[in-house]
Amino acid sequence: VLLRVFLPRQVSPGPPSPAMASPAASPDSSSHEGPASAASAPAGSPASDSENLSPDELELLAKLEEQNRLLEADSKSMRSMNGSRRNSGSSLVSSSSASSNLSHLEEDTWILWGRIVNEWDEWRKKKEKLLKELIRKGIPHHFRAIVWQLLSSATELPVKQQYSELLKMSSPCEKLIRRDIARTYPEHEFFKGQDSLGQEVLFNVMKAYSLVDREVGYCQGSAFIVGLLLMQMPEEEAFCVFVRLMQQYRLRELFKPSMAELGLCIYQFEFLLQEQLPELNVHFRSQSFLTSMYASSWFLTLFLTTFPLPVATRVFDIFMYEGLEIVFRVGLALLQLNQAELVQLDMEGMSQYFQKVIPHQFDSCPDKLILRAFQVKYNPKKMKRLEKEYAAIKNKEMEEQIEIKRLRTENRLLKQRIETLEK
Amino acid sequence: QSSDFLFKFLVIGNAGTGKSCLLHQFIEKKFKDDSNHTIGVEFGSKIINVGGKYVKLQIWDTAGQERFRSVTRSYYRGAAGALLVYDITSRETYNALTNWLTDARMLASQNIVIILCGNKKDLDADREVTFLEASRFAQENELMFLETSALTGENVEEAFVQCARKILNKIESGELDPERMGSGIQYGDAALRQLRSPRRAQAQSAQECGC
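Right, here's the structure in full:
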């Protein structure tokens, strides 16, 4: 059985696949109207267990499986040697180079990914499930730029033609964006220094986006996503991928001025927490430890401000194929793995734990995190139901607000009348 | 180290005014110029000595962008004190103070003790808001006021200490009652010890509360 390692325990028939979503209308028009809700529409997964693989592909996969085992053993021994080693590479494959055995496999991985990129449409249509498994293992560093573009269907976006024009315009958000540029990955080489290329292109992309989507403009948090894209690809391409992520991956809804989608994500996450970790949920409540306190940044920056980049990028790979679901999965996996420690802590202890301990737990073993994430129970239908529930609650709240306003006005008018009558 | 009281503090104000840097300077006595902009909320705590009493400050540092208010509003409840921060080199951040003030008084409590901090005092050459103007604003709105520099550390500790001192004074004069729910004040260690013990026994009732 190939690639068993990362198959979820309950194989669900095709989780939502944002990038499979219908090709949207031209980005500039749809960016004003809001994206199709495609991100949450489950794409039919035709892939069966026996996808059409050639013998050499099968062989490659067997090697990958072997590599996976080696890496796991490798990371275990590293962990025992040095508790909190920080990985310096950007992907697992490129960061583990010790034995020659591994470098052979690295070569094989490259061959495989080279083929995937060249035969993209075919892989997308016929080997979807396998592709998904490979992505869960991590896209090799050098392929990320192209694979992310392919996954988000950002390669031939018409808005790309406007990019240079957009840079000549000025945006009402410029000042806001400027304030955050030096405060986005400040420790990363690429973004260090006021005149660094990194800061310049980050500003350009954020500004250009604020011009094509005036409603969202600029929202704090989004620069971390763009920053990651810029570490992998040139600014025009990063801009296009970001436009797609905003339109097709629920991000635009998250970053709108009302941030209503964040409320929904928190609501859905809370439900999973209550359902799957009831004891921890009770503890959080007894300490007034609100879900949004630790999970807001998970959703808004897709863990890019939580984990070191080698780990966060692995999560991001999966996000590019499977959408926001991975944030729920990783988030719950984190809580599961740390439940025993968390229930011993008070509010302050927990917040410190989330800030200091959790971010570095997977520095040497991101695979463990991914593995646990896919063991989390996640039911897309239930999430859809929760979405409706949440919308109903919000509607009711809004109606009540309107009613309150109406009554207040009425009250004021009556008071005025009394006053005039008394005079 | 043990403490006599625990106060919940907020740090609020527009984006880029230096809220997180003030907090970091207060806790670590260092200027941190290479941290990410805050998404949502972050925390810090420190025990300080105020007139012989040990007070633990539990400080909530919030994201500054307008749209994040929908997220951060829920953290205001039960705050005893707040640093309301603007940037002396940016009139825009000063103009936003009234909104922040309304939020704090409405969502935390009418009695919340607020100190206005004109941060980036070290950038005097780029100043857009004068000391006089801001101190008049503070007076009109019953705020304490200091100009601070998270870079040099000037007046940073003082801001937190003055705010804490005023709360202590209000407790001593009876104006504030630590026993009252939502005061943002707790008694020190005894209360803390109680918090740290697992509360399985109360689990059921806490769940029913649903808040």
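Same order as they appear, the protein sequences are chains S and G.
According to UniProt numbering, the first sequence is numbered sequentially starting from 1.
According to UniProt numbering, the second sequence is numbered sequentially starting from 1.
Glycine included, C-beta positions come from ideal geometry on N, C-alpha and C.
Can you list the residues of chain S that residue i reaches, using a CB-CB cut of under 9 Å?
| i | result |
| --- | --- |
| G:Arg-67 | Cys-219, Gln-220, Phe-255, Lys-256, Pro-257, Ser-258 and Met-259 |
| G:Gln-25 | Those do not exist, as G:Gln-25 stays about 16 Å from chain S at its closest Cβ, beyond 9 Å. |
| G:Gly-81 | Under the 9 Å cutoff, chain S gives no residues; its nearest Cβ is about 16 Å from G:Gly-81. |
| G:Ala-96 | Within 9 Å Cβ-Cβ: nothing; G:Ala-96 doesn't reach chain S, min ~12 Å. |
| G:Ile-59 | Going along chain S, no residue has its Cβ under 9 Å from G:Ile-59, so there is no contact; the nearest lies around 10 Å. |
| G:Ile-39 | Gln-220, Gly-221, Phe-224, Ser-296, Ser-297, Leu-300, Thr-301 and Thr-305 |
| G:Ala-15 | Leu-176, Arg-179, Asp-180 and Gln-220 |
Determine which residues share a DSSP beta bridge with residue i and list them.
| i | result |
| --- | --- |
| G:Glu-147 | G:Gly-118 |
| S:Asp-346 | DSSP, once it has assigned bridges, lists no residue as partnering S:Asp-346. |
| G:Ala-82 | G:Leu-10 and G:Ile-114 |
| G:Thr-62 | G:Val-41 |
| G:Gln-186 | G:Leu-6 |
| G:Leu-176 | G:Leu-176 is not bridged to any residue. |
| G:Val-55 | G:Phe-5 and G:Ile-48 |
| G:Asp-87 | G:Asn-119 |
Is DSSP giving residue i helix, strand or coil here?
| i | result |
| --- | --- |
| G:Glu-42 | strand |
| S:Asp-180 | helix |
| G:Glu-158 | helix |
| G:Val-50 | strand |
| G:Asp-34 | coil |
| G:Glu-128 | coil |
| S:Ser-80 | Note on S:Ser-80: pLDDT 43, under 50, position unreliable in the model; no value is reported. |
| G:Gly-16 | coil |
| G:Cys-21 | helix |
| S:Lys-396 | helix |
| S:Lys-63 | helix |
| S:His-32 | In this prediction, S:His-32 scores a pLDDT of 37, lower than 50, which makes its location untrustworthy; no coordinate-derived value is stated. |
| S:Phe-242 | helix |
| G:Arg-77 | coil |
| S:Lys-160 | helix |
| S:Arg-412 | helix |
| S:Ile-138 | According to the sequence displayed, residue 138 of chain S carries Gly and not Ile. Of the three classes helix, strand and coil, the one that applies to S:Gly-138 here is coil, per DSSP. |
Name the chain G residues whose beta carbon is nearer than 9 Å to that of residue i?
| i | result |
| --- | --- |
| S:Tyr-196 | With the sequence shown as reference, residue 196 of chain S is identified as Ser, and Tyr is not the correct amino acid for it. Under the 9 Å cutoff, chain G gives no residues; its nearest Cβ is about 13 Å from S:Ser-196. |
| S:Gln-339 | Within chain G, no residue comes near S:Gln-339; the closest Cβ sits about 12 Å away, beyond 9 Å. |
| S:Gln-401 | Result: empty, since nearest Cβ-Cβ is about 14 Å, beyond 9 Å. |
| S:Ser-170 | Neighbours of S:Ser-170 on chain G: none; closest Cβ ~17 Å, over 9 Å. |
Using the beta-carbon of each residue, which ones in chain S are nearer than 7 Å to residue i?
| i | result |
| --- | --- |
| G:Asn-85 | According to the sequence provided, residue 85 of chain G is Val. The question's Asn does not apply to it. Simply none; closest approach about 14 Å. |
| G:Val-11 | The premise fails here: G:Val-11 is roughly 14 Å from chain S at the closest Cβ pair, so nothing lies under 7 Å. |
| G:Ser-45 | Glu-348 |
| G:Ser-74 | Leu-290 and Ser-292 |
| G:Ile-48 | Going along chain S, no residue has its Cβ under 7 Å from G:Ile-48, so there is no contact; the nearest lies around 15 Å. |
Measuring alpha carbon to alpha carbon, tell me which residue in the options is nearest residue i.
| i | options | result |
| --- | --- | --- |
| S:Ile-318 | S:Ile-135, S:Trp-113 and S:Lys-423 | S:Ile-135 |
| G:Ile-59 | G:Glu-28, G:Gly-40 and G:Val-11 | G:Val-11 |
| S:His-141 | S:Val-226, S:Gln-232 and S:Asp-363 | S:Gln-232 |
| residue 424 of chain S | S:His-188, S:Leu-130, S:Leu-166 and S:Gly-227 | Residue 424 of chain S lies beyond the stretch modelled for chain S, which goes from 1 to 423, so this question has no answer here. |
| S:Leu-371 | S:Tyr-209, S:Glu-133 and S:Asn-395 | S:Glu-133 |
| S:Ala-223 | S:Gly-331, S:Leu-131, S:Gln-161 and S:Arg-178 | S:Arg-178 |
| G:Glu-142 | G:Thr-148, G:Ala-63 and G:Ala-134 | G:Ala-134 |
| S:Trp-148 | S:Gln-355, S:Leu-245 and S:Ala-260 | S:Leu-245 |
| G:Leu-57 | G:Glu-140, G:Ser-35 and G:Phe-5 | G:Phe-5 |
| S:Cys-240 | S:Arg-250, S:Arg-252, S:Glu-156 and S:Leu-309 | S:Glu-156 |
| G:Asp-124 | G:Tyr-75, G:Glu-172, G:Glu-147 and G:Thr-72 | G:Glu-147 |
| S:Leu-176 | S:Leu-112, S:Lys-405, S:Gln-220 and S:Met-383 | S:Gln-220 |
| S:Leu-130 | S:Ala-145, S:Lys-368, S:Leu-112 and S:Phe-203 | S:Leu-112 |
| G:Asn-169 | G:Leu-23, G:Glu-28, G:Val-85 and G:Ile-185 | G:Ile-185 |
| S:Glu-270 | S:Ser-258, S:Gln-247 and S:Ala-295 | S:Ala-295 |
| residue 436 of chain S | S:Asp-367, S:Arg-329 and S:Arg-406 | Lying before the first or after the last residue shown, residue 436 of chain S is absent from chain S, which here runs from 1 to 423. |
| S:Arg-183 | G:Gly-13, G:Phe-7, G:Thr-17 and G:Phe-9 | G:Thr-17 |
Could you tell me which chain G residues have their CB closer than 7 Å to the CB of residue i, listed as they occur along the chain?
| i | result |
| --- | --- |
| S:Leu-262 | Val-71 |
| S:Ser-351 | Phe-43 |
Give me the chain S residues within the contact set of residue i, using Cβ-Cβ distance strictly less than 8 Å, ordered along the chain.
| i | result |
| --- | --- |
| G:Ser-35 | Arg-183 and Pro-186 |
| G:Gly-18 | Those within 8 Å of G:Gly-18 in chain S number zero; the least Cβ separation is about 11 Å. |
| G:Ala-63 | Gln-220 |
Please find out if some non-hydrogen atom of the ligand ZN comes closer than 7 Å to the beta-carbon of residue i.
| i | result |
| --- | --- |
| S:Ser-153 | Here there are no bound small molecules, and the ligand ZN is not part of this structure. |
Along chain G, in chain order, which residues have C-beta atoms closer than 8 Å to that of residue i?
| i | result |
| --- | --- |
| S:Gln-355 | Glu-42 and Phe-43 |
Scan the segment 141–175 of chain G for residues whose Cβ lies nearer than 8 Å to a Cβ of chain S and list them as they occur along the chain. none
Can you give me, in chain order, the residues of the segment 173–185 of chain S that have a beta carbon less than 9 Å from any beta carbon in chain G? Lys-175, Leu-176, Arg-178, Arg-179, Asp-180, Ala-182, Arg-183, Thr-184 and Tyr-185
Can you list, in chain order, the residues of the segment 289–305 of chain S whose Cβ is nearer than 7 Å to any Cβ on chain G? Those would be Leu-290, Ser-292, Met-293, Ser-296, Ser-297, Leu-300, Thr-301 and Thr-305, in chain order.
Relative to chain S, which residues along the segment 100–132 of chain G have a C-beta separation below 7 Å, given in chain order? none
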